[in-house]
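Visitor:
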Amino acid sequence: METCKLTKFLGASLEGILPFPISVEINIKRGIPRFLITGLPGPSIKESADRIRIAIENSGFEYSLQNILVHLAPAGRKKEGTYLDLPIAAGILYLTEQLPPSKNLEHFLFLGELGLDGSVRPLKGILPILSGLANLGFTAAVVPFENRKEASILGKFPIYAISHLKDLVSLAKGDIKPELKGEIKIRSEELPGKSELHKSQLPAIRAIQIASAGFHHCLLSGPPGAGKTMLARMAYGFLPKIQEKEGIELLGIRSLQEILSDTEIERPFRSPHHTISDISLAGGSSSLRMGEVSLAGNGILFLDELSEFHSRNLQVLREPMEEGQITISRIRGSITYPASFLFIGATNPCPCGYYQTLIKECNCSVASIRNYQSPFTGPFLDRIEIFYHLGFSGNTDAEKVSINLKSIRDSIQSAADIQYRRLFRETGKLYNGRLRGEEVERMIPLSKECETIFWKAVHSQKFSLRKVAHFRKVARTIADLEGSEEILLRNLEEALVFLNSGWSPENRAVT
């Protein structure tokens with residue numbers, strides 16, 4: 001054996017949901033036997049030295065009693081987790097010539113935790129790592145056998161699944177075949193074909209239809225028992241089918257939470273209680289974990305009894321509602337999580353619940369109403385695109401009409417397909433509500449006649465620049481629901497009705 005040997009194997013780790021590659025450099029030379037890992041390894045990586053040694057011995061290999069130095073590059077970035085057990089062990093076996101000669105192994109990405117018996121144990125977060133490092137240039141990935149289903153979803157490079165350290169011998173010989181491309185299984189919400197609703201709820205159904213089709217944030221107000229919660233849950237059933245991009249994101253979030261035994265997903269519907277803390281809502285704590293805004297990604301974040309939430313909690317929603325992501329900064333570091341949820345809020349207009357309704361007389365004072373609505377600050381409300389107040393009366397409430405829910409869902413799916421064809425190739429976005437900045441005007445043009453009416457309405461309503469973009473996006477979604485290639489004047493008029501230009505009942509548009 002030569003006096004000194006050196007090799008490099010490729011591994012990876014995660015910071016939150018963002019992966020980064022790690023070059024596992026292994027040097028073996030004669031000298032006092034030791035096993036040292038450098039390059040800012042976390043506690044779980046430092047502990048891997050004895051774990052890897054015992055796993056190698058219990059797998060029928062010989063452990064080299066020499067001076068072994070493992071360096072994890074880049075050296076200045078802290079590494080956590082047990083993802084690097086497998087590349088370190090593979091590198092040691094490769095250098096000690098206990099694996100058949102192979103030029104491929106050094107170009108593979110290795111991910112896996114080792115048990116003391118040499119078994120390769122499954123890990124959380126395999127899919128986010130592979131999807132984030134897909135363009136790194138490695139020729140294949142080696143993953144634990146239990147992670148093979150999620151790892152094979154991407155189909156961008158070969159995936160080799162092994163269950164024991166001894167399988168590295170077969171891998172080096174080329175006896176292990178790559179996994180076939182996996183598929184994501186989608187669970188969808190089943191809606192009844194028809195439903196009977198009160199006439200006063202029909203405009204609210206329309207608001208929910210528009211919000212679901214374009215992923216526009218929505219706020220419903222009304223007295224107790226008006227059907228606000230029912231409408232929010234109905235919106236969940238209206239949401240379009242999951243696209244491939246969304247499916248990978250949803251499965252990636254699930255992969256971070258648990259070790260996957262299947263690849264089944266569904267859009268999330270998160271409905272936290274109003275006593276939730278701002279850290280649980282936004283994410284954070286000492287472990288920088290995800291909050292409800294990230295767990296609701298590509299689904300609905302429903303806040304019932306919105307006025308009961310602490311104002312601080314509502315303010316932390318402002319960035320994720322606008323940007324579709326949230327950055328959490330603590331002493332130990334900073335992590336950006338996805339947060340592309342559809343916000344739906346439901347609230348009573350006052351403490352007794354009957355302000356500006358035709359059911360009962362409101363007994364609340366002006367001061368109590370103002371205090372009750374105080375959590376809804378201007379910056380928060382300015383991020384809501386659709387508003388509707390269910391101030392129904394006893395006369396219309398007695399009349400019920402049959403609604404074809406399947407027809408509504410079909411129109412939403414058709415609108416989503418139109419948006420995908422128009423937006424995805426140019427912007428990578430799937431819905432009108434996700435467009436930002438210059439994308440709005442570029443992707444949503446107006447005819448000369450509509451442009452004139454549009455700006456006239458903007459000036460008369462004194463819209464903010466953000467609200468101007470909302471106006472254009474909501475009108476485009478309404479046109480998509482009609483299957484219209486251009487935004488028509490009636491689309492602008494309907495969008496104007498549903499836009500929330502302020503919480504104050506005197507300053508809001510009510511259908």
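The UniProt record's numbering numbers the first residue of the sequence shown as 1 and each following residue consecutively.
C-beta atoms are modelled at their ideal positions from N, C-alpha and C, and glycine is treated no differently.
All of these numbers come straight from a predicted model, not from anything done at the bench.
1) Using CA coordinates, which residue listed in Ala339, Pro223, Val24 and Ile88 is at the minimum distance from residue 530?
2) List in chain order: all unbroken beta strand (DSSP E) runs of 3+ residues lying wholly within the stretch 102-140.
3) Taking 8 Å as the limit between beta carbons, can you name the residues of its chain near Leu489, skipping five residues before and five after?
4) I'd like to check one pair, Gly227 with Leu390: are the Cβ atoms closer than 8 Å?
5) So which of Leu288, Glu106 and Leu111 has the shortest CA-CA distance to Val8?
6) I'd like the list of long-range same chain contacts for Ile153, defined as Cβ closer than 7 Å, with 5 residues on each side in sequence excluded.
7) From the DSSP output, read off the bridge partner residues of Tyr337.
8) Could you spell out the range, first to last residue, of the alpha helix (DSSP H) harbouring Ile205?
9) Identify the residues that DSSP records as bridge partners of Ile11: which are they?
10) Just checking, does the stretch 408-419 make contact with the stretch 464-481 on the three C-beta pairs under 8 Å criterion?
11) What ranges does the alpha helix (DSSP H) occupy inside the stretch 427-461, keeping only unbroken runs of at least 4 residues that lie completely in it?
12) Which of the three DSSP states is assigned to Leu6 in this structure?
13) What do you reckon, are the CB atoms on Glu80 and Ser13 nearer than 8 Å?
14) Touching or not, the stretch 191-200 and the stretch 156-175, by the rule of three or more beta carbon pairs under 8 Å?
15) Using alpha carbons as the reference points, say which of Ser340, Ser255 and Val366 lies closest to Pro349.
16) Using only alpha-carbon positions, find the residue among Ser221, Pro268 and Arg254 that is nearest to Leu239.
17) In whole angstroms, what is the alpha-carbon distance linking Ile88 and Gly112?
18) For Lys228, which three-state DSSP category applies?
19) Assign Thr477 to one of three DSSP states: helix, strand, or coil.
20) Once DSSP output is grouped into helix, strand and coil, what is the label at Ile54?
21) Kindly indicate which three-state DSSP category Ser365 falls into: helix, strand or coil?
22) Would you mind working out which of Ile26, Leu136, Leu65 and Asn67 sits nearest Leu84, comparing C-alpha positions?
23) Spatial neighbours of Gly353 within its chain, please: CB distance less than 6 Å, with the 5 preceding and 5 following residues excluded, ordered by chain position.
24) I need the straight-line Cα distance from Arg436 to Ser368, nearest angstrom please.
25) Can you give me the C-alpha to C-alpha distance between Gly502 and Gln243, rounded to a whole angstrom?
26) For Arg254, which option in Lys124, Lys456 and Arg425 has the closest C-alpha, if you only look at C-alpha atoms?
27) Note down the Cα distance separating Leu499 from Ser131, rounded to an integer number of angstroms.
28) Just checking, does the stretch 186-194 make contact with the stretch 405-417 on the three C-beta pairs under 8 Å criterion?
29) Quick one: residues in its chain with C-beta nearer than 8 Å to the C-beta of Val411, no 5 flanking neighbours on either side, listed in chain order?
30) Is DSSP giving Ile384 helix, strand or coil here?
31) Taking the straight line between their C-alpha atoms, what separation do you get for Ile37 and Glu47?
32) What residue from Gly31, Thr336, Thr327 and His216 has the CA that sits closest to Leu18's CA?
33) Scan the stretch 250-304 and note each continuous beta strand (DSSP E) run of 3 residues or more that stays entirely inside, going in chain order.
34) With H, G and I counted as helix, E and B as strand and the rest as coil, what does DSSP make of Glu493?
35) Give the DSSP-derived three-state secondary structure of Ile17 in the structure shown.
36) For the alpha helix (DSSP H) containing Ile159, list its first residue and its last residue.
Guide: Taking the coordinates as given:
1) Summary: the structure shown does not reach residue 530, with the chain confined to residues 1 through 511, and so no result is reported for it.
2) 108-110
3) As a working note, residue 489 is residue 489 in the sequence shown. Around Leu489: Glu449, Cys450 and Ile453.
4) For the purposes of this step, residue 390 is taken as residue 390 along the sequence shown, with counting starting at 1. For the purposes of this step, residue 227 is taken as residue 227 along the sequence shown, with counting starting at 1. Contact flag set, yes.
5) In the sequence shown, residue 8 corresponds to position 8, counting from 1. In the sequence on display, residue 8 carries Lys and not Val. The option with the nearest alpha carbon to Lys8 is Glu106.
6) Position 153 of the sequence shown, counting from 1, holds the residue named residue 153. Excluding sequence neighbours, Ile153 sits near Leu127, Gly182, Ile184, Ile248, Leu251 and Thr263.
7) Sequence index remark: in the sequence shown, residue 337 carries index 337 (1-based). DSSP, once it has assigned bridges, lists Ile326 as partnering Tyr337.
8) Within the sequence shown, numbered from 1, the residue matching residue 205 stands at position 205. Residues Leu202 to Gly214.
9) The count along the sequence shown starts at 1 and reaches residue 11 at position 11. Looking at the sequence shown, residue 11 is not Ile but Gly. Note: Gly11 sits in a beta bridge opposite Ile22.
10) yes
11) 438-443 and 448-461
12) Locating residue 6 in the sequence shown gives position 6, counting from the first residue. Reduced to three states, the DSSP call for Leu6 is strand.
13) Numbered from its first residue, the sequence shown carries residue 80 at position 80. Numbered from its first residue, the sequence shown carries residue 13 at position 13. Yes, they are a contact pair.
14) no
15) Start at 1 with the first residue of the sequence shown, and residue 349 comes out as number 349. For Pro349, the nearest C-alpha among the options comes from Val366.
16) Counting from one through the sequence shown, the residue named residue 239 turns up at place 239. Of the candidates Ser221, Pro268 and Arg254, the one whose C-alpha sits nearest the C-alpha of Leu239 is Pro268.
17) Your numbering for residue 88 matches position 88 in the sequence shown. Your numbering for residue 112 matches position 112 in the sequence shown. The alpha-carbon atoms of Ile88 and Gly112 are separated by roughly 10 Å.
18) Taking the first residue of the sequence shown as 1, we reach residue 228 at position 228. Helix, per DSSP.
19) The residue given as residue 477 occupies position 477 in the sequence shown. It is helical.
20) Locating residue 54 in the sequence shown gives position 54, where the first residue counts as 1. DSSP places Ile54 in helix when its eight states are reduced to three.
21) As a first step, residue 365 must be located in the sequence shown, where it is residue number 365. The answer is coil: DSSP assigns Ser365 none of H, G, I, E or B.
22) Numbered from 1 along the sequence shown, position 84 holds the residue referred to as residue 84. Comparing Cα positions, the closest option is Ile26.
23) By one-based count along the sequence shown, residue 353 stands at place 353. So the qualifying residues of the chain are Pro223 and Pro224.
24) Counting from 1 along the sequence shown, the entry for residue 436 is found at position 436. Counting from 1 along the sequence shown, the entry for residue 368 is found at position 368. Spanning the two alpha carbons is a distance of roughly 37 Å.
25) Position 502 of the sequence shown, counting from 1, holds the residue named residue 502. Position 243 of the sequence shown, counting from 1, holds the residue named residue 243. Note that Gly502 has pLDDT 47, beneath the 50 cutoff, so the model's placement of it is unreliable and the number below is only indicative. Computed Cα separation, rounded: 34 Å.
26) Translated into positions along the sequence shown, residue 254 becomes position 254. Ranking the options by Cα distance to Arg254, first place goes to Lys124.
27) Position 499 of the sequence shown holds residue 499. Position 131 of the sequence shown holds residue 131. Taking the straight line from one Cα to the other gives about 38 Å.
28) yes
29) Your numbering for residue 411 matches position 411 in the sequence shown. First, the residue type needs correcting, since residue 411 is Ser and not Val in the sequence shown. Hits under 8 Å: Gln209, Ala213 and Leu481.
30) On the sequence shown, residue 384 is found 384 positions in, with the first residue counted as 1. Coil.
31) Here residue 37 corresponds to residue number 37 of the sequence shown, with the count starting at 1. Here residue 47 corresponds to residue number 47 of the sequence shown, with the count starting at 1. The alpha-carbon atoms of Ile37 and Glu47 are separated by roughly 10 Å.
32) Taking the first residue of the sequence shown as 1, we reach residue 18 at position 18. Comparing Cα-Cα distances from Leu18 to each of Gly31, Thr336, Thr327 and His216, the minimum goes to Thr336.
33) 300-303
34) Residue mapping note: residue 493 aligns to position 493 of the sequence shown, counting from 1. Reduced to three states, the DSSP call for Glu493 is helix.
35) As a first step, residue 17 is located in the sequence shown; it is residue number 17 there, counting from the start. In the structure shown, Ile17 sits in coil (DSSP, three-state: anything other than H, G, I, E or B).
36) Position 159 of the sequence shown, counted from the start, is the residue given in the question as residue 159. Looking at the DSSP string, Ile159 is not in any alpha helix (DSSP H); the run it does join, the beta strand (DSSP E), is Ile159 to Ile162.
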